[in-house]
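Heads up: the sequence shown runs through residues 1082 to 1255, numbered per this note's numbering. All C-beta atoms, glycine included, are put in the ideal place defined by N, C-alpha and C.
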Amino acid sequence: PMIRAFPKNMHPMTQLSAALLACQTESKFAAAYASGIKKSEYWEQTLEDVLDVIAKLPEIAALIYRCSFKDGVVTRDESNSLDYSANFARMLGYNSPDFDELMRLYLTIHSDHEGGNASAHTTHLVGSTLSDPYLAFSGGLNALAGPLHGLANQEVLGWIQALKDKFDSENKRV
């Protein structure tokens, strides 16, 4: 419900960060820490949160996409016969083996963030304060949204589309 209530002009990365922060109320680490968990057990609840975040992100991202650019309806494949990327493509509203393969490539390329960039570093830094994974990943998403990091991809795509439009209009005049 929250994502559907966002202003239509809110950037998708802002929506993703806010939606993930809203899920923080389900943090197993935060609840365990508040109840006095032993320090040697922090990792167990942190792992549970990380797995939960990874499980929630595709549907959150798909809903943001569908609300921002389509009809706001996310359909999941219930057959359990699709891989991660094909299932995500279905949630986005695409049903093409070629698009599935493109999504596999896209996700693989963008998954290589082990620590040498702004978003991974920010996630590590926020997490090092014992903030739970929801807070840490949201911090990383906010770093990713900057024009010297992830937003650069959006700007390159805009430049390519503008260049294509320019060539298309010049071809029409010829």
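**Message:** Suppose you measure from the CA of SER1108 to the CA of ALA1217; what does that come to, to the nearest Å?
**Reply:** Against the sequence shown, residue 1108 aligns to sequence position 27. Against the sequence shown, residue 1217 aligns to sequence position 136. The alpha-carbon separation between SER1108 and ALA1217 amounts to approximately 12 Å.
**Request:** Apply the 10 Å Cβ neighbour rule to ARG1254 and answer buried if 16 or more other Cβ atoms are within range, or exposed otherwise.
**Result:** Walking along the sequence shown from the start, residue 1254 turns up at place 173. Exposed.
**Asked** Count the other CB atoms within 10 Å of the CB of ALA1243; is the residue buried (16 or more) or exposed (fewer)?
**Response** Here residue 1243 refers to the residue found at position 162 of the sequence shown. It is exposed - the Cβ of ALA1243 has fewer than 16 other Cβ atoms within 10 Å.
**Item:** C-beta atoms of ILE1084 and ILE1145 nearer than 9 Å
**Value:** On the sequence shown, residue 1084 is found 3 positions in, with the first residue counted as 1. On the sequence shown, residue 1145 is found 64 positions in, with the first residue counted as 1. In contact: ILE1084 and ILE1145 (Cβ atoms closer than 9 Å).
**Message:** Could you tell me the alpha carbon to alpha carbon distance between ASP1152 and SER1177, rounded to whole angstroms?
**Reply:** Looking up residue 1152 in the sequence shown gives position 71. Looking up residue 1177 in the sequence shown gives position 96. Going by the C-alpha atoms only, they are around 19 Å apart.
**Message:** Using a Cβ-Cβ cutoff of less than 6 Å, which residues in the same chain neighbour ASP1158 once the five nearest sequence positions on both sides are dropped?
**Reply:** In the sequence shown, counting from the first residue as 1, residue 1158 sits at position 77. Within the same chain, ASN1168, ARG1171 come within 6 Å of ASP1158 by CB-CB distance, once the 5 residues on both sides are set aside.
**Asked** How far does the alpha helix (DSSP H) with SER1029 in it reach, from first residue to last?
**Response** A query on residue 1029 cannot be resolved here, the shown segment of the chain reaching from 1082 to 1255 and no further.
**Asked** In whole angstroms, what separates the C-alpha of LYS1120 from that of LEU1128?
**Response** What you label residue 1120 is simply residue 39 of the sequence shown in a count that begins at 1. What you label residue 1128 is simply residue 47 of the sequence shown in a count that begins at 1. Distance between the alpha carbons of LYS1120 and LEU1128: 14 Å.
**Run of the alpha helix (DSSP H) containing GLU1236, from where it starts to where it stops** = Locating residue 1236 in the sequence shown gives position 155, where the first residue counts as 1. That run of the alpha helix (DSSP H) goes 1232–1254.
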